[in-house]
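Engineer: The following block contains the structure, expressed as C-alpha cells.
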Amino acid sequence: MLKAKSVFICQNCGAQSLKWIGKCPSCNEWNTYEEEIIADTKSKTINYYKNITKNPVLISDINTNNEKRIDTNNKEFNRILGGGLIPGSVVLIGGEPGIGKSTLLLQIALKIKEKKILYISGEESYQQLKIRANRVGIQNEQCYILNETLLENIFLQIKEISPHIIIIDSIQTIHSQKIDSSPATISQVRECTNELFRFAKETSIPVLLVSHINKEGSLAGPKVLEHIVDTVIQFEGDKNYMYRILRATKNRFGSTSELGIYEMKGNGLIEVGNVSELLLTHQHEKLSGIAISSTIEGIRPFLIEIQALVSSSAYGIPQRSTTGFDLRRLNMLLAVLEKRAGFRLATKDVFLNIAGGIKVNDPGVDLAVIIAILTSNHDIPVDQFSCFSGEVGLSGEIRAVNRIEQRISEAEKLGFKYIYISSGNKKNLDISKFSIKIIFVSKIADILKILFRK
C-alpha cells in the first residue's frame, strides 16, 4: 500500500515546505509554492535497464583509450561538445520558444549515420515531425520517432529498440508514475532527469534533453538539473535576426568558451563557417561611429562590427543603451574616456550596438568600442581597412589580450591593412610572418594621436 505524502514545492527554485508560504525564503519569489503529492513506496522500483554491481578500482588501472566520441556530423555542435558526444553523457539544451531547439536536434538525429537514434517528442505529433524532416531535406533510415510522455513507457521502448542515442523534447513534458503530480512540476522534472541520468551512466548511451526557459531567461526547473547533467548548452538568438548561437555554460568534457553559430533558413539551421564575412557589412566607408574589432570565442577568431551613436541629451538624464555588450562595462569605458582622455561625455546620450545580434564578452573589444564612440562624437570616420583589438584599463592603458596571433591572422585574411593592438603583445610576437601592418599602442592618448592627427 502506497503512503501519500503532501509537500509544498517552490516552482521557481525547488525549495520544499510542509505548509504553504507566500514568499519563498530561498529565491524571494511570491506565490510560487504549490502542493504536490509524492508517493512514498517501500518496495523496489522496476528497473528497465540492467543494474551492474561496481567495485572501486585504482585510478592507474582505468583505461580511457576506448572512450571514443560520437560524431554528430554537425561541426558547430561538435565544437560546443568538445569534439562530439561522449558515450553515457547527458546534455541539456535550453532556449526561448521558437528559437529552433527542436529543429536543431531533429537535424542532428537525421544526420548521424550508422547509429540508431530514438527521438522522443512530448510536444509534437508524428505528422508534425515528418513535415519538419521533409523541410530540412535529410533522410535517415535509423531514426525512430516516439510520441510518448510517460517515463516508464519510454524505458520499455528503449529496451525494445536498443538505440545508440536518445533525444527527449522536452524534459518538462515527461512524467513518472512514481510521483503523483502533473508534468512540468519541480518534482516530476527532477525525478525524470535523475532516472535518465542513471540510465545513461549505466548503459553508456548519451541522452540529449531539451529544457524550457523561464521569463528571466534561465533554464526552467530547479538548479539541481544543471548540476546533474554533464553539459548545459544555451541556444540564443533574436527572432528578428537570422543567426542562432550555441554557448556551453557547463561542460565536463570540453571548454565552456566555445561558440557555435547557425543561420536560420527555410530548410533549417545552416552551419556558419566564416562568421566574420557575415557580421561585417563592408559598407561603412565614410561613416562615423563604426569600428571593427578582432575577437575570439574559445579557439575561434572572428571580426565584429561595433556601432556607436553619440548625441546631445534631449532630457536631463543622458541615456546609455547597449545591444550585445555589457552596459556596466560601457559605463566604465565612458568614465575612463572622461577621466583619462578629457572627453566630456557625461551630458551625451550613448548608444552601442554589435552588428548581427550577437553577444560578446571578450574584453578585447574595448579598444574598438571607445574608437566607435569617439568617432561618432566627433563625426570623423575611421579608415575602413583598420581593425582594433585591446583591453582598456581604468588608468587608460591598453592592455594585452590573449591569442593575438589568431586575431591578427583573421584580420589579415579579411583584407584589413592595419591592426591596432597593445604594446604588451609585442613580446614573443613574430611580426615578419604577417603582411598586415601592426601598430602598437600603450595608452588611449597614443591611438588618438594617430587616428585624429588630421
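Numbering (my numbering), first residue to last: -19 to 434.
All C-beta atoms, glycine included, are put in the ideal place defined by N, C-alpha and C.
None of these values were measured; they are calculated from a predicted model.
1) Please report the straight-line C-alpha distance between K3 and E14, rounded to a whole angstrom.
2) Cβ atoms of V290 and V345: under 8 Å apart, would you say?
3) Counting pairs of Cβ atoms below 8 Å between the stretch 122 to 129 and the stretch 92 to 101, do you hit three or more?
4) Exposed or buried, R224, counting other C-beta atoms within 10 Å across all chains shown (16 or more means buried)?
5) Can you grab the Cα-Cα spacing for the pair K110 / N382, in whole Å?
6) How many angstroms separate the CA atom of L(-2) from the CA atom of I208?
7) Could you please give the first and the last residue of the uninterrupted alpha helix (DSSP H) stretch that includes I430?
8) Just to confirm the assignment: which complete beta strand (DSSP E) runs, minimum length 3, are found wholly within the stretch 341 to 369?
9) Buried or exposed, going by whether 16 or more other CB atoms sit within 10 Å of the CB of V37?
10) Can you tell me whether Y221 is helix, strand or coil according to DSSP?
11) With a cut-off of 8 Å on the beta carbons, I'd call I154 and G(-6) a contact; round off their distance for me.
12) Considering E277, what are the terminal residues of the beta strand (DSSP E) in which it resides?
13) Would you check if the stretch 250 to 259 and the stretch 62 to 69 touch, i.e. whether three or more CB-CB distances between them fall below 8 Å?
14) If you reduce the DSSP assignment to three classes, tell me which class R300 lands in.
15) Among the residues of its own chain, which have a CB less than 7 Å from the CB of I151, if the five just before and after it don't count?
16) Does the Cβ of I424 have 16 or more other Cβ atoms within 10 Å, making it buried, or fewer, making it exposed?
17) Could you give the DSSP three-state label for Y106: helix, strand or coil?
18) Does the beta-carbon distance from A271 to F177 come in below 8 Å?
19) May I ask which residues mark the beginning and end of the beta strand (DSSP E) holding E251?
20) For T129, which residues of its own chain have a beta-carbon under 8 Å away from its beta-carbon, when the five flanking residues on both sides are left out?
21) Going along the chain, which unbroken runs of the beta strand (DSSP E) with 3 or more residues stay wholly within the stretch 376 to 418?
22) Counting only the same chain and skipping the five closest in sequence on each side, list residues whose C-beta sits under 7 Å from that of N127.
23) Touch check for the stretch 337 to 355 and the stretch 291 to 311: three-plus C-beta pairs under 8 Å?
24) May I ask which residues mark the beginning and end of the alpha helix (DSSP H) holding C172?
25) Looking only at DSSP bridge pairs, what is G240 linked to?
26) In angstroms, rounded to a whole number, what distance separates the CA positions of I418 and I351?
27) Following the continuous beta strand (DSSP E) through D291, name the residue where it begins and the one where it ends.
28) For the beta strand (DSSP E) holding K55, just list the boundary residues, first then last.
29) What three-state label does DSSP hand V116 in the structure shown?
30) So, for P5: in the same chain, excluding its five sequence neighbours on each side, which residues have a beta-carbon less than 6 Å away from its beta-carbon?
31) Give the range of the alpha helix (DSSP H) segment to which I134 is assigned.
32) So if DSSP puts N35 in a beta bridge, which residue, or which two residues, is it bridged to?
33) Have a look at L313 and Q287 and give me their C-alpha separation to the nearest angstrom.
34) Our contact map puts R227 next to E243 with C-beta atoms below 8 Å; I'd like the distance itself, whole angstroms only.
35) For I284, verify whether its CB is less than 7 Å away from any heavy atom of the ligand COA.
36) Might you give, ordered along the chain, the residues of its own chain that have their beta carbon closer than 6 Å to the beta carbon of G248, omitting 5 neighbours on each side?
Structural biologist: This is what the structure holds:
1) 12 Å
2) no
3) yes
4) buried
5) 46 Å
6) 25 Å
7) 424 to 431
8) 366 to 369
9) exposed
10) coil
11) Wrong, their Cβ atoms sit about 17 Å apart, outside the cutoff.
12) 270 to 277
13) no
14) strand
15) V169, C172, T173, L189, V190, S191
16) buried
17) helix
18) no
19) 248 to 251
20) G102, T153, I154, H155, P163
21) 398 to 402
22) S101, S105, Y106
23) yes
24) 166 to 183
25) L226
26) 17 Å
27) In the sequence on display, residue 291 carries Ser and not Asp. Looking at the DSSP string, the run of the beta strand (DSSP E) that includes S291 is 280 to 292.
28) Looking at the DSSP string, K55 is not in any beta strand (DSSP E); the run it does join, the alpha helix (DSSP H), is 55 to 61.
29) helix
30) none
31) 131 to 141
32) Paired residue(s): none; N35 is not in a bridge.
33) 15 Å
34) Not quite, the Cβ-Cβ distance comes to about 16 Å (not below 8 Å), so this is no contact.
35) Absence of the ligand COA from the depicted structure is noted, as is the absence of any ligand whatsoever, leaving it without description.
36) T83, Q87, V116
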